[in-house]
Every structure is written in C-alpha cells, then in structure tokens.
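Numbering (the working numbering), first residue to last: 184 to 815.
Positions of the beta carbon are idealized from the N, C-alpha and C atoms, including for glycine.
Have a look at the structure below, then the notes.
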Amino acid sequence: MVVTATRVNQPLSEAASSITVVSEKEIAQTQPLTFAEILDTIPNVDTTSSTSVMYNRVSIRGSQPNQITYLIDGMRQDDLTMGGNRPMGVFADPEILKQVEVRNGGGSALYGNGGIGGTLALETKSAADFLADSDKDFGALVKVGYGSDSISWSKSAYAFGRSDMWDVVAGVTRRDSGAAKTSYKRLRSTADVDNDSTSVFIKATLSPTDNNAATLSYAYDIAHNDSEKGTRFDSYRYEQHRIIGQWEYELDEFINLKTGLQYAQSNFNFENNVPRIFKDKFESFSGNFQNTSRFELFGRHDLTYGLDFSRTEQSGLTKDSGEWADDTSRPDAEGLDAGVFIEDQYKLTNYLAIAPQLRWSYFKRQSNADYPSLSDSKLTPGVTVKLTPIEEVMFWGSVTTGYRPPILDEMYYRMDYSSWGIQSVVIPNPDLKPEKSVNYEIGTSLDFKNLSGVGDRFTARASVFYDDVKDFINVEVEPDNSGSLPVFTYRAKNLGHVVNKGIELSASYVIDSFKVSASYGYLKSENKDTNERVTGVTPQSANLRTGYRFEEVQLEPWYKLHCAKGGWTSQDKYQGGYATHSVGLTWTPKIPNFYTVRAGIAVDNLTNKKYVSVTDSYGYARSFRAWLSAQF
Numbered sequence: 184m185v186v187t188a189t190r191v192n193q194p195l196s197e198a199a200s201s202i203t204v205v206s207e208k209e210i211a212q213t214q215p216l217t218f219a220e221i222l223d224t225i226p227n228v229d230t231t232s233s234t235s236v237m238y239n240r241v242s243i244r245g246s247q248p249n250q251i252t253y254l255i256d257g258m259r260q261d262d263l264t265m266g267g268n269r270p271m272g273v274f275a276d277p278e279i280l281k282q283v284e285v286r287n288g289g290g291s292a293l294y295g296n297g298g299i300g301g302t303l304a305l306e307t308k309s310a311a312d313f314l315a316d317s318d319k320d321f322g323a324l325v326k327v328g329y330g331s332d333s334i335s336w337s338k339s340a341y342a343f344g345r346s347d348m349w350d351v352v353a354g355v356t357r358r359d360s361g362a363a364k365t366s367y368k369r370l371r372s373t374a375d376v377d378n379d380s381t382s383v384f385i386k387a388t389l390s391p392t393d394n395n396a397a398t399l400s401y402a403y404d405i406a407h408n409d410s411e412k413g414t415r416f417d418s419y420r421y422e423q424h425r426i427i428g429q430w431e432y433e434l435d436e437f438i439n440l441k442t443g444l445q446y447a448q449s450n451f452n453f454e455n456n457v458p459r460i461f462k463d464k465f466e467s468f469s470g471n472f473q474n475t476s477r478f479e480l481f482g483r484h485d486l487t488y489g490l491d492f493s494r495t496e497q498s499g500l501t502k503d504s505g506e507w508a509d510d511t512s513r514p515d516a517e518g519l520d521a522g523v524f525i526e527d528q529y530k531l532t533n534y535l536a537i538a539p540q541l542r543w544s545y546f547k548r549q550s551n552a553d554y555p556s557l558s559d560s561k562l563t564p565g566v567t568v569k570l571t572p573i574e575e576v577m578f579w580g581s582v583t584t585g586y587r588p589p590i591l592d593e594m595y596y597r598m599d600y601s602s603w604g605i606q607s608v609v610i611p612n613p614d615l616k617p618e619k620s621v622n623y624e625i626g627t628s629l630d631f632k633n634l635s636g637v638g639d640r641f642t643a644r645a646s647v648f649y650d651d652v653k654d655f656i657n658v659e660v661e662p663d664n665s666g667s668l669p670v671f672t673y674r675a676k677n678l679g680h681v682v683n684k685g686i687e688l689s690a691s692y693v694i695d696s697f698k699v700s701a702s703y704g705y706l707k708s709e710n711k712d713t714n715e716r717v718t719g720v721t722p723q724s725a726n727l728r729t730g731y732r733f734e735e736v737q738l739e740p741w742y743k744l745h746c747a748k749g750g751w752t753s754q755d756k757y758q759g760g761y762a763t764h765s766v767g768l769t770w771t772p773k774i775p776n777f778y779t780v781r782a783g784i785a786v787d788n789l790t791n792k793k794y795v796s797v798t799d800s801y802g803y804a805r806s807f808r809a810w811l812s813a814q815f
C-alpha cells in the first residue's frame, strides 16, 4: 500500500505516478547502515554519504535535499539541512522501517511547501509487523551485524506485544564504526575516526474499537563523529528527539479522520582543539488534520480535504574562548508554514478517473539578525487523469504545481572555517525567492498474473516527465586555489529557470521462488537561462537485482548490479561512469513454535571498482557484511 500519491492508502498498482516501494524484506536482505543506503537502486535518486548516519543526503530528479518532502508515519519532517559542515538533521534507523516509499516528481498540493523533487515516506514497524509470520502475541528480537567497509558493528534488541486493544514495540539499535575504506584510494582513512550512533524507538497503539485507533511514538537518536589527524581533533555530536501522536477514526463513508501532532528537538555540538565550539538547537511543532468522504454523484468520489502547519525555531551558541555567546553565523530565526488542501479522486466510469487538487500555502521567515523577513502565499493546483482500459493496464497523465520557500539556513547561515587543509566559506542570501514549479508527467503501469504459469506475476511502470522550475535554488560552489589554502565558497542562489526532464522505467517478474527486478533512469537537468547542464546530477543509472529461494534449505542467494553514467560534479570535476556488483546469501530457517533465525552474508563492490559518484560521494572498496538475528 502507498500513500504519497493521494494521502489515502491505495495499492501501488492503482497509484498514478512514478512511485517505488522498498519492502521490509528487501531492507532486511541487504543490511543497510542508513535509510539513505536503501535508496541506492531507485532510478533518478542519488545519495551522498549513504553509509554515514550523520551526513545522509538524498536527491530526487536532480533536487537538493531540502527540495524533498520527507515523511515519517505520514508526519512531515521540517527540513533541518544545515549549512556548512553540519549534518542533515533527520534520520531513522533501518531496523524500525516497515517500508520506504519514494515518489519522484514535484507538487505541493498535498503535503505543503516543498517537494520540488519528490516525496520520501518512511513507515515504522508495529508489533504486528514483527509478529506477522507468527501466531504469538508477544516476542523479542536480537540482532548483530558487521561491515568491513567502515569496520562497523550493529547491535539491536526489540521487544513487542499485541492484544485485541494494544500494540506495543520498543527497542534500541547501536552502531559503531571506524575509518572507512574507500574505493578511490582503497586504503583506510588517514584520519583516526570513531563514529557511533544509538537509536531508541517506542511505539504504542490503542484500538478500543475496530474503527478507532490512537498511536503515540517516541524516537531518540544520538550520533557521534570524532576524527583526529596529526594535531587536529574534530568532534561532532548530534541528538534528536521526535514525539508523534496520531488518531484515526472511521465512522462511515463520510467520516474518515486522520490527525496528528509532532514535536521535534535537535541539538548539534561541534568542538575541536583550535579551540572552537558550536552549539545549535532546533525545535519544531507541527500538525495535520484530514478527512476523506466517499460518495456517489455522477460517479464515485473519494474527497480528501484538510489542513497542516509547522513552526520551526533555531538558535546557536559559540565559544572560541571564555564564555558562551550568541553564534552570529547562525542567528536566532524562525519559520512558519501552513496551508489547506483538497483533492477529489473522481471515478467517472470503471475505465476513467480524474483527480483534481488544490492547495493554498502560506510561509514566513524571520531572524533577529539584520536580515529582512520574508513571507508570501500561493495557490498550487494540479490534476491527474487515469485511464484503465483493462484491469491489468493503467495509463496516466498529470500536471501538478509546486512551491518551495527558502529554508532558514539558505537565507541566514554564514560560515568561515578552515579544516583539513581547506577553507570553507558560506555566504547567506536573505534575498532568495521561493521556487515555483510545474511538473508534467505521462506514464503507464502493468500488473499481469499467471502469464506463463500459475502463481507468476509481472509488473512494470514507465513514465516520462518534464519538471519546469522557476527561481530554482541551488548551492553554488566557487573554488579558489590561488592562495596557500584552497578556498571553497558556497552560496544558495536562484538560478532562474531550470528544467529537469527524463524517463523512469522499472519492472519485476516473480515465478515460484525466482524473482528478478530492473530499473533505469535518465535525467537531464538544464539551466535554461545559460543552456548549461546543472552540475552534481547523475545523467543515467540502471539497476538489476535477482534472487532464487531454495525452500528445502531456506536459502536465498541474490545478485545486485548498479550502473551510473559519469558527469560533472558541483565542483566542476568530471567523474567517470561505473558499475558495481554485489552478491549475498540469506538463510531463514524456522523452528516451529520456538524461534526464527535470520542470517546473511554479502559482498559489496565485488570487483573492487574504483569510483566517485557525480554527487562527490566516494564509493567504498570491496566490503564484506554479515548479520545474524533471532526472534523468540
């Protein structure tokens, strides 16, 4: 089931947009270190530092990370992407994820300001998910894993239980890693590196009746990244609290309510032996309300309408020596985003449906520093037409509009900092304009069963898109090697007029114990004012994955191929294309009425390919992973 296309659960086969879903089983097979690593095989999706919890970056269709709408359990996460050498600000441990849903393409009608590139939705597990293959009402899971690429160990422990009214899960994951071994140098990092992260997750759902459910969840994440090189020592510490309360109530066809509130707090500390110390604090409070009414009026209507809001505050302290003082590089600032929306899934006949949507959005940005405040509002309409000539085939066409105001860091953050022999300079830009986009897309999806035998299934999805963005915000990098120390100057700028166009293809075939899936993405991102390509965008990528399960011994070997065409990075360097191969083996025996064991081994970058991605992310050398879990 997917939600990003309509805000209402629907089967993937009925979703009229370019959507990819990564299931819990697929996540478990590859043992990802971070959620960003889960996205490595999705067409036109790029990740940077996908093996670093603290520095995940995700790009969809050439977008910046802050041009993506990011959801956890349907609750929008405020973008806390920090300027300079700060972490992304939002992360979720793969151990708690039930599925990851990626919708390529912009549009702001449903989820508010942002989403120029697409939507990334994470769904967390419940006790019912842990106990899905069991008739038990409670249990526990312990797991340990190792990866040689960054000398990483992961340890997890979860307990869960369910009854007619309650569903409760609680657990913790700890990850420790050391110096990374990249494919570029094939040596361990010259710096003495010590990284670790701890994720605590608690989720409880109360369902007093079949049509009434209230959920409360709490996530606590803390990560450290310490490095030492010569006489230089840098220490990064990131801590995040996230509390989500939700209520769902279904009375009849007209009353299907979903509402939620979220409080999040993030703290980032940096310290080195220059000495120089930073403390950054972020707080946000957000909520949403929606109702779906279903009725007949010259056809079938699923009318969804509601509102949402989000208020974010940030502040910073610094201490070069002596007492703490306000950090002028990160002035106290706050942002407000709010809006109302409506969408109608209108099924005129069994073959034709139309989905008009409309949103009114408002935003405000202000700071206590000597910068101007910015506020505005905008209507963003959209429409999707869906044609289903036969049950197994669907065609769609859509035109959606998007709107993304600049985030606080793009407007107010400044930095002048030297580290590791490089001077980094970040210049604020309080005069940024909001981005405005129009996304055109046509596509088709296929879903055929029993093609060559009983029980087989073939699915495919194809789309052609044209994303037209005005006042596109891009962080430009200006290198200067004229002095004794290389200087890189970063500044967010409105490029004017950017067009992202391309195609996305995916297909899978399953028969008996055999499964194969493939995908391909082509993307051209061009600045229409200069007729030059936008840098840092992977122009083409392709993926293949296949596996076969031997039921007699519960073994499943698998193979994965990832290819990427080279291109120009944001620092005007050309990186060549590459292809990496991975193989693995999973073993899932079950002892009836006792416990389930899951074990796996994998080899990534089997040929030890030397490569750097267009996103400036170093690839990892040949690495070995192994993991073992037991559920009681």
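Out of curiosity, what's the CA-to-CA distance linking Ser724 and Tyr703? Start at 1 with the first residue of the sequence shown, and residue 724 comes out as number 541. Start at 1 with the first residue of the sequence shown, and residue 703 comes out as number 520. Between Ser724 and Tyr703, the C-alpha separation is close to 6 Å.
According to DSSP, simplified to helix, strand and coil, what is Asn249? Taking the first residue of the sequence shown as 1, we reach residue 249 at position 66. Asn249: helix per DSSP, three-state reduction.
Excluding the five sequence neighbours on either side, which residues of its own chain have a C-beta within less than 8 Å of the C-beta of Ala508, listed in chain order? On the sequence shown, position 325 is the one that residue 508 refers to. Leu500, Thr501, Lys502, listed in sequence order.
Applying the criterion that 16 or more other CB atoms from any shown protein chain within 10 Å of the CB defines a buried residue, is Pro617 buried or exposed? Translated into positions along the sequence shown, residue 617 becomes position 434. Buried, by the Cβ-count rule.
Test: Tyr649 CB closer than 8 Å to a CB of chain C: The structure shown has no chain C; it contains just one protein chain.
Go ahead and pull the three-state DSSP assignment for Thr627. Sequence index remark: in the sequence shown, residue 627 carries index 444 (1-based). Three-state DSSP puts Thr627 in a strand.
Tell me the DSSP secondary structure of Asn268 in three-state form. Taking the first residue of the sequence shown as 1, we reach residue 268 at position 85. Any reading at Asn268 must be qualified, since the residue scores a pLDDT of 48, below 50, and its modelled position is unreliable; the value itself is stated next. Here Asn268 sits in coil by DSSP.
Mind listing, in chain order, the continuous beta strand (DSSP E) runs of no fewer than 3 residues lying wholly within the segment 550-629? 557-573, 576-587, 598-602, 605-610
What are the boundary residues of the beta strand (DSSP E) that Glu687 is part of? Residue mapping note: residue 687 aligns to position 504 of the sequence shown, counting from 1. 680-694 is the extent of the beta strand (DSSP E) around Glu687.
Would you decide whether Thr392 is buried or exposed? Buried here means 16 or more other CB atoms lie within 10 Å of its CB. Position 209 of the sequence shown, counted from the first residue, corresponds to residue 392. Exposed, since its Cβ has fewer than 16 Cβ neighbours within 10 Å.
If you draw a straight line from the alpha carbon of Ala521 to that of Gly443, how long is it in whole angstroms? Residue 521 sits at position 338 when you count from the first residue of the sequence shown. Residue 443 sits at position 260 when you count from the first residue of the sequence shown. Their backbone Cα atoms lie some 14 Å apart in a straight line.
Along the chain, where does the alpha helix (DSSP H) containing Phe313 start, and where does it finish? Residue 313 sits at position 130 when you count from the first residue of the sequence shown. Per DSSP, Phe313 is one residue of the alpha helix (DSSP H) stretching across 310-313.
Assigned secondary structure, Glu209 (DSSP; H/G/I helix, E/B strand, else coil): Counted from its first residue, the sequence shown places residue 209 at position 26. Glu209: helix per DSSP, three-state reduction.
Per-residue burial, Ser628 [other beta carbons within 10 Å of its own, 16 or more giving buried]: As a first step, residue 628 is located in the sequence shown; it is residue number 445 there, counting from the start. Buried: at least 16 other Cβ atoms inside 10 Å.
Could you check if Gly322 is buried or exposed, using at least 16 other CB atoms within 10 Å of its CB as the buried criterion? In the sequence shown, counting from the first residue as 1, residue 322 sits at position 139. Buried, by the Cβ-count rule.
Taking Cβ to Cβ, would you say Ile299 is nearer than 8 Å to Gln250? By 1-based counting over the sequence shown, the position of residue 299 is 116. By 1-based counting over the sequence shown, the position of residue 250 is 67. Yes, the pair counts as a contact, with Cβ atoms nearer than the cut-off.
Would you call the segment 689-698 and the segment 665-674 touching, i.e. three or more CB-CB distances under 8 Å? In short, these stretches do not touch, since the Cβ pair count stays below three.
Going by DSSP, what residues sit across from Gly522 in a beta bridge? Taking the sequence shown and counting its residues from 1, one reaches residue 522 at position 339. Paired residues: Asp491, Ser544.
Roughly how many angstroms lie between the CA atoms of Glu422 and Leu303, to the nearest whole one? Along the sequence shown, read from residue 1 onward, the residue named residue 422 stands at position 239. Along the sequence shown, read from residue 1 onward, the residue named residue 303 stands at position 120. Between Glu422 and Leu303, the C-alpha separation is close to 22 Å.
Contact check, Val351 vs Ser337, beta carbons under 8 Å: Here the question's residue 351 lines up with position 168 in the sequence shown. Here the question's residue 337 lines up with position 154 in the sequence shown. No, they are not a contact pair.
One question on the structure: do Gly749 and Val717 come within less than 8 Å of each other, judged by their Cβ atoms? Here residue 749 is taken as the residue at index 566 of the sequence shown, counted from 1. Here residue 717 is taken as the residue at index 534 of the sequence shown, counted from 1. Cβ atoms of Gly749 and Val717: not closer than 8 Å.
Burial state of Ala315, where buried means 16 or more other Cβ atoms lie within 10 Å: Counting from 1 along the sequence shown, the entry for residue 315 is found at position 132. That one is exposed.
What do you reckon, are the CB atoms on Asn657 and Gln193 nearer than 8 Å? Your numbering for residue 657 matches position 474 in the sequence shown. Your numbering for residue 193 matches position 10 in the sequence shown. Against a cut-off of 8 Å, the Cβ pair of Gln193 and Asn657 comes out as no contact.
Identify every run of the beta strand (DSSP E) within the segment 398-448, keeping only runs that are complete inside it and at least 3 residues long; order them along the chain. For the beta strand (DSSP E) assignment, the uninterrupted runs of no fewer than 3 residues enclosed by the segment 398-448 are, from N- to C-terminal side, 415-433.
DSSP three-state label for Ala199, please. Counting from 1 along the sequence shown, the entry for residue 199 is found at position 16. Residue state, collapsed to three classes: coil.
Starting from Asn287, trace the beta strand (DSSP E) in both directions and tell me its first and last residue. Taking the first residue of the sequence shown as 1, we reach residue 287 at position 104. It spans 280-287 - the beta strand (DSSP E) in which Asn287 sits, taken as one unbroken run.
Measure the CB-CB distance between Ala552 and Tyr595 and report whether it falls below 8 Å. The residue labelled residue 552 in the question sits at position 369 within the sequence shown. The residue labelled residue 595 in the question sits at position 412 within the sequence shown. Yes, these two residues count as a Cβ contact at 8 Å.
Just curious, the beta strand (DSSP E) that Gly328 is in, first and last residue? By one-based count along the sequence shown, residue 328 stands at place 145. Looking at the DSSP string, the run of the beta strand (DSSP E) that includes Gly328 is 321-330.
Since Pro588 and Arg548 should fall inside the 8 Å C-beta cutoff, what is the C-beta to C-beta distance between them, to a whole number of angstroms? Taking the sequence shown and counting its residues from 1, one reaches residue 588 at position 405. Taking the sequence shown and counting its residues from 1, one reaches residue 548 at position 365. With a Cβ gap of about 7 Å, Pro588 and Arg548 count as contacting.
Nonlocal neighbours in the same chain, by C-beta distance under 7 Å from Asp320, ignoring five residues either side: To locate residue 320, count along the sequence shown from 1; it is residue 137. Same-chain partners within the cutoff: Gly344, Arg345, Ser346.
Distance CB(Thr563)-CB(Ser544) smaller than 8 Å: Along the sequence shown, read from residue 1 onward, the residue named residue 563 stands at position 380. Along the sequence shown, read from residue 1 onward, the residue named residue 544 stands at position 361. In contact: Thr563 and Ser544 (Cβ atoms closer than 8 Å).
Which residue marks the beginning of the beta strand (DSSP E) containing Asn710, and which one marks its end? Position 527 of the sequence shown, counted from the start, is the residue given in the question as residue 710. Start and end: 697-710.
On the CB-based measure, 16 or more other CB atoms within 10 Å of its CB, does Thr713 come out buried or exposed? Here the question's residue 713 lines up with position 530 in the sequence shown. Its Cβ having fewer than 16 others within 10 Å, Thr713 is exposed.
Specify, as a first and last residue, the run of the beta strand (DSSP E) that Ile225 falls within. Walking along the sequence shown from the start, residue 225 turns up at place 42. Unbroken run through Ile225: none, as it is neither H nor E.
Between the Cα of Ser800 and those of Gly783, Trp751, Ser646, spot the shortest distance and give me the residue it belongs to. On the sequence shown, position 617 is the one that residue 800 refers to. With distances taken between Cα atoms, Ser800 lies closest to Trp751.
Taking the alpha carbon of Phe274 as the reference point, which residue from Lys441, Asp229, Asp527, Ala406 has its own alpha carbon closest? Here residue 274 refers to the residue found at position 91 of the sequence shown. Closest option to Phe274, judged by alpha-carbon separation, among Lys441, Asp229, Asp527, Ala406: Ala406.
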